[in-house]
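Note sheet for the following structure.
Residue numbers (our numbering): 57 to 254.
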């Protein structure tokens, strides 16, 4: 009788210990924590439609900082999506765009460079370069003819370290290394397309 009671109690203790260790590991493991956040995001009217302003919050871990300082370029991709539910069909998605920002270091000139499209900016420190990457401003994302005036949409934005844009040898290492896992959740907010001022 004593032996029969001993094994279930022993099994329960083992399971409880394993669960406690797993929860402790999850709390300490960066892969279980949000590594990047969207602090704020909004749409501003421009001449052709609307532009996105967004501020992201993140830090580079030691592995990523070391990679940059060894002249390995990092690519940060911002995704923007606009959708509207329809009861009779799939959700309407008039806008689905992305923009990539390249961060690199030039050892000969001892400067960091931030590039997007045809624009390139130079900085004396990594912190200065990251400050620009974290703040996306005046990015034109919606043409006026893509939305219906008076309709309300759900706007979504996120940022992630885009491993797919890196040089091939680094892609293989990055896939198996959680230090390279840097991304935010989607930040969602409502947007109502206003009538164009006459």
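Cβ atoms here follow ideal geometry from the backbone N, Cα and C, with glycine treated the same way.
Only a predicted model underlies this, so the values are computations on that prediction, with no experimental measurement involved.
Here the stretch 202 to 216 lies against the stretch 134 to 151, with 3 or more beta-carbon pairs under 8 angstroms apart.
Under the three-state reduction of DSSP output, residue 226 falls in the helix class. Beta-carbon to beta-carbon, residue 243 and residue 128 are separated by about 28 angstroms, too far to satisfy the 8 angstroms threshold.
Along the stretch 181 to 238, the alpha helix (DSSP H) occurs as fully enclosed runs of 4 or more residues at 182 to 190 and 224 to 231, listed in sequence order. For residue 131, the pairing in a beta bridge is given by DSSP as 158. In this structure, DSSP gives residue 101 an extended state, which the three-state scheme calls strand.
Judged by DSSP in its simplified three-state form, residue 118 adopts helix. Sequence-distant partners of residue 188 (beyond 5 residues in either direction) whose C-beta falls short of 7 angstroms from its own C-beta, in its chain, are 170 and 177.
For residue 244, the uninterrupted beta strand (DSSP E) run begins and ends at 243 to 248, by DSSP.
For residue 97, the CB contacts under 8 angstroms within the same chain, skipping 5 residues up- and downstream, are 108, 109, 110, 111, 211, 213, 243 and 245 in chain order. Residue pairing by DSSP leaves residue 164 without any beta bridge partner. Judged by their CB atoms, residue 134 and residue 222 are not nearer to each other than the 7 angstroms cut-off. With at least 16 other beta carbons inside 10 angstroms of its own, residue 238 counts as buried.
Rounded to whole angstroms, the separation of the alpha carbons of residue 116 and residue 102 is 33 angstroms. Taking 7 angstroms as the cut-off, the Cβ atoms of residue 198 and residue 151 count as close. Residue pairing of residue 106 in beta bridges, as defined by DSSP: 101 and 198. In the DSSP assignment, residue 178 falls within the unbroken beta strand (DSSP E) covering 175 to 179.
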